[in-house]
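Inspection log for the structure reproduced underneath, given as structure tokens.
Below you can see the structure in the form of structure tokens.
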């Protein structure tokens, strides 16, 4: 999976870091969805109305590389991990790990925002592409 943007693709940000608990969250900072009953060992993704939790490889297996993009622009490599909408109440979506080692905020209008997440390997992802699709 290549996280390098093509000429017509808009890279918002990129980070490589160790994810201690193997969990990446994409959510409105005011998220109220609790993800109760989610077992990341059997389900790799838990999607709620205003948040998505995603299993990735834990830090003992190596770092995670995340690329955040404004558009798909022809990139289709990787396994589709999530493709759907989440509600934005605060005007932001935050992408972060459970310990906030990496925390990236993207300004988005209030309402529903469509997000597509691609990874290199389901369950033990070491590369993740988060794409905000046109509203």
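Numbering (my numbering), first residue to last: 100 to 234.
Virtual Cβ for every residue (Gly too), placed ideally from N, Cα, C.
Since I believe residue 224 is in contact with residue 155 (beta carbons under 8 Å), could you give me their beta-carbon distance rounded to a whole number of angstroms?
-> 4 Å
Give a single yes or no on whether residue 198 has its beta carbon closer than 8 Å to a heavy atom of the ligand MN.
-> Of the ligands one can find in the structure shown there are none, so the ligand MN has no counterpart to examine.
Taking residue 151 as the reference, give the member of 117, 189, 131 with the closest Cα.
-> 131
Can you tell me the Cβ-Cβ gap for residue 207 and residue 178, rounded? I've got them flagged as a contact below 8 Å.
-> 24 Å between Cβ atoms; not a contact.
With a threshold of 16 other CB atoms inside 10 Å of the CB of residue 121, please say whether the residue is buried or exposed.
-> buried
In the structure shown, what three-state DSSP assignment does residue 154 receive?
-> strand
Report buried or exposed for residue 153, applying the criterion of at least 16 other Cβ atoms within 10 angstroms of its Cβ.
-> buried
Express the C-alpha separation of residue 145 and residue 133 in angstroms, rounding to a whole number.
-> 10 Å
So, helix, strand or coil for residue 118, using DSSP?
-> coil
Sorted by chain position, which residues of the same chain lie with C-beta nearer than 8 Å to residue 221's C-beta, five sequence neighbours on each side aside?
-> 143, 178, 180
Taking the alpha-carbon positions, what's the residue 205 to residue 193 distance?
-> 6 Å
Check each candidate in 116, 157, 229, 141 and name the one with the smallest Cα separation from residue 215.
-> 229
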